[in-house]
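Protein chains in written order, with the numbering used here: chain A, 1 to 279; chain B, 280 to 677.
For reference, the structure is listed below as C-alpha cells.
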C-alpha cells in the first residue's frame, strides 16, 4: 500500500473502513449482546436497567434437564475426541507422506462429511441406527459425531505437518528405531500442538452439534444443543441467553486456545525451516 | 541420484502411509459413506410389496399390462391380503399403495375383512363385487408401480410428479404439489444468503488482506469469534434479539426509526438475518486466504503504467480473487441448502426449507422413501456445484 494516495483513493479507503466496521458490528454484537441480557433479574428480554442478577444462571444450575444435558454433551464429546483424534492424526501423517496423486480420492472421502448437507447426514444415521436399536444409546451419536469431527482433525494435523522434514523420520529409522517408535518419539512431539488443536476441534464439533443429535438422540441422551433448541422453540427466556453466554465463553476459550496452539506450531516450524534454508 | 536407497525412499513405493490412513478410511466407509448410500438407495427401491406379498409381486411383474389383470393375479392378491391381515403386515402394503392411490388403505382393510368373513375373491369380478374399485385399473396400476425392486415413485413424487394408470408421467393433484415450491424457496434463500455474504464479506476480506498482519490479526478475531461460536448458539442469540419485545425492536423505536414493533422473526427476514450471520465467516475466511496469496506486484505495475486505482482493481485484482469468491460462495450456498436448525428456529412455520420436509417424512410420517428422495434431489445440485466450482477455480489462473 503506497502512502501517496490520491483524494478519491483516500475517500474510498474511509468508506471501506466504515463499511467493514458495520459488518464487524453485525458479526460480533449479536453474540456479545446476549451476555448482558442473561444477567436480567426479570423475565423480559431487554438490557437490565438498575440491577443485575444471576437468577437465570441459578435456574440453569437447578434444572435437572439442563445439568443432565450438559453431562451427556461432555461424555459424548469426550468419547468423540478419543475416537477422532488418534484416527485423524494417523491419517494426516499418512496423507502428508503420500504422493499427491494417491491423495485426491482419499481426501475426497475424508472431507465428504463436510460437503454433505447436515440434514442428509442426520437422516442417514437415523435410518441406519433405528433398525439396529442404536438410536436410544450414546453409541450411535458418538459414531456419528466422530465421522463429522474427523475431517477437522485431519485438516488441522495435516496443516501442522506441512513443514515437517520427513528426513528426520528417515534418519531415526536408519538409526534402528521401529516405525511405531519413530511416530511416538520423533514425530508426535513435533506436531503435538497440532494434535491438541485437532482434539479441541473434535470436542467442539460434538459439543456444539445439534442437527444429527436432534434426529438420533433418545430422551436419555439429550445433549446441550438439543436442550437449547427445544428451549428456543418453546419459550425464548433469559435462561436461553444465560445458556448461550456460557457456551459462547466455553467455545471462545477452547477454540481460541486451539488457534494459539496452531499458530505456535506454525511459528515454530516456520522458524526452523527459515533457519535451515538460511533465510 | 537413482541409487537403490533413493528408490526405497520413492514415495510411490512406501506402503506405510496407506496403513496409517486405512483405519480412518474404514471407519468413515462404515460409519458415514455406507449410511448415506444406504439411505439414498431407499429413494430408488421398493420392497414393501416384495416382502409382504411375494407371490403377488412376482405375478405383477410377470403381468406387465395395463387395465385389469388376469384372474390368477387377483386370486394371489386376495390370498396374500388375507394372510397379511391375519399376521399384521397388511399395514406396510396399505401405506405404500396409499402413496400412489389415496384411499388404498381403506380399500385393502375393508376388502381383507370381507374376505376373512367368507366373501369369494377368486377373480377380478369377485373382488369388484366386494368393492367396485377393484374393477377399475387405478389400484392395479398402483400395485404394479410398487412391485419392486426399483421404483421411480419417490423421485417423481419429490418433483410433484407421478405415474398414472397408463404409466405416463403426470403432475400430481395441485393441492399435493408442494415440493417444487419448497425446492425453489430453498435455492432462492440459499442463493440470496450467499449473495449477502459476498456483499458483506468481500470488503472485509479485502481490508484484512490489505492491512499488515499486526493490525489484521486483532480484526481477524472479530471474524473468528462468530466462527467459533456454534450455529445453534448464534441462532438462539438472534431468537433472543429479534423478538417483538426484544432488544432490536426497542432500539429501533428508541432512535425513532419505528413507531411500533415490527415482526423480525418467524418469517423470511429472520432467516436471512440469522443465516447470513451464521455463514458469513465461512465466506470471509477462504477469500481472505486467497487474497493474502495475491502478490501486490501486478497492482503496482498497473498503477505505474497509468491505470487508475479503480481500473487496476477491476482488471488486475478482482479477477485474481474470483476463485476465492467462488469457493466461499459455494461453501455458503452448500451449507445453507441443508440447514435445518436455523430455519426451524427463526423461520416462519409455513415458510420452511426442504430440510423441514425431510425431517417431517423421517420423524412424523415415517415415509423414509420420500425422505431419501428429497435428500437425493438436494445432493444432486450440490455435486454439480462442486464440480462447477472446481472447473471455475481451474479456469481462472490463481
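The beta-carbon is built from N, C-alpha and C at its ideal position, and this holds for glycine as well.
Note that this is a predicted model, so its numbers are computed, not measured.
{"query": "Residue 28(A) and residue 501(B) closer than 8 Å at C-beta", "result": "yes"}
{"query": "Residues near residue 631(B) by beta carbon distance below 8 Å, same chain, minus five either side", "result": "461, 622 and 623"}
{"query": "Reduced DSSP category for residue 450(B) - H, G, I as helix; E, B as strand; rest coil", "result": "strand"}
{"query": "Partners in chain A for residue 634(B), counting only beta-carbon separations shorter than 8 Å", "result": "117 and 119"}
{"query": "Meets three-Cβ-pair contact criterion under 8 Å: the stretch 219-229 of chain A and the stretch 527-539 of chain B", "result": "no"}
{"query": "Inter-residue spacing [alpha-carbon to alpha-carbon] between residue 334(B) and residue 474(B)", "result": "55 Å"}
{"query": "Range covered by the beta strand (DSSP E) that runs through residue 440(B)", "result": "440-442"}
{"query": "Residue-chain proximity (residue 430(B), chain A), Cβ-Cβ < 8 Å", "result": "no"}
{"query": "Cβ contact check for the stretch 115-123 of chain A and the stretch 62-82 of chain A: 3 or more pairs under 8 Å", "result": "no"}
{"query": "Residue range of the unbroken alpha helix (DSSP H) whose run includes residue 380(B)", "result": "Premise fails: residue 380(B) is in no alpha helix (DSSP H) and is neither H nor E."}
{"query": "Under 7 Å from the C-beta of residue 175(A): neighbouring residues of chain B", "result": "Within chain B, no residue comes near residue 175(A); the closest Cβ sits about 15 Å away, beyond 7 Å."}
{"query": "Spatial distance of residue 260(A) from residue 30(A) (CA atoms)", "result": "25 Å"}
{"query": "8 Å Cβ cutoff, residue 7(A) in contact with chain B", "result": "no"}
{"query": "Residue 112(A) to residue 197(A) span [Cα, whole Å]", "result": "21 Å"}
{"query": "Burial state of residue 47(A) (16 or more Cβ within 10 Å)", "result": "exposed"}
{"query": "Beta-carbon separation (whole angstroms), residue 141(A) vs residue 213(A), contact threshold 8 Å", "result": "6 Å"}
{"query": "Backbone secondary structure at residue 278(B) - three-state DSSP", "result": "No statement about residue 278(B) is possible, as the shown extent of chain B runs from 280 to 677 and does not include it."}
{"query": "Element boundaries [alpha helix (DSSP H), containing residue 548(B)]", "result": "547-571"}
{"query": "Member of 168(A), 219(A), 69(A) and 110(A) whose CA lies at the smallest distance from the CA of residue 208(A)", "result": "69(A)"}
{"query": "Buried or exposed (CB count within 10 angstroms, at least 16 for buried), residue 507(B)", "result": "buried"}
{"query": "Between the CA atoms of residue 611(B) and residue 91(A) - distance to the nearest angstrom", "result": "27 Å"}
{"query": "Reference residue 465(B); option with closest CA among 303(B), 637(B), 297(B) and 616(B)", "result": "616(B)"}
{"query": "The stretch 317-329 of chain B contacting the stretch 290-306 of chain B, beta-carbon criterion three pairs below 8 Å", "result": "no"}
{"query": "Contact set for residue 413(B): own chain, Cβ-Cβ below 6 Å, skip 5 residues either direction", "result": "406 and 407"}
{"query": "Per-residue contacts from residue 203(A) into chain B (C-beta, under 9 Å)", "result": "Those do not exist, as residue 203(A) stays about 12 Å from chain B at its closest Cβ, beyond 9 Å."}
{"query": "Rounded distance between the beta-carbons of residue 85(A) and residue 184(A), thought under 8 Å", "result": "Contact doesn't hold; Cβ gap of about 15 Å is too wide."}
{"query": "is_contact[residue 111(A), chain B] using C-beta, thresh 8 Å", "result": "no"}
{"query": "Closer than 8 Å to chain B by CB, residue 262(A)", "result": "no"}
{"query": "Whole-Å CB distance - residue 557(B) paired with residue 514(B), under 8 Å assumed", "result": "7 Å"}
{"query": "Unbroken alpha helix (DSSP H) run spanning residue 485(B), endpoints", "result": "458-489"}
{"query": "is_contact[residue 30(A), chain B] using C-beta, thresh 8 Å", "result": "yes"}
{"query": "Short Cβ contact (8 Å threshold) for residue 380(B) with residue 436(B)", "result": "no"}
{"query": "N- and C-terminal bounds of the alpha helix (DSSP H) containing residue 153(A)", "result": "138-161"}
{"query": "Span of the alpha helix (DSSP H), counted from its first residue to its last, around residue 347(B)", "result": "Careful: residue 347(B) lies outside any alpha helix (DSSP H) and carries neither H nor E."}
{"query": "Own chain residues within Cβ distance below 6 Å of residue 483(B), not counting five before or after", "result": "563"}
{"query": "CB of residue 44(A) within 8 Å of CB of residue 53(A), strictly", "result": "no"}
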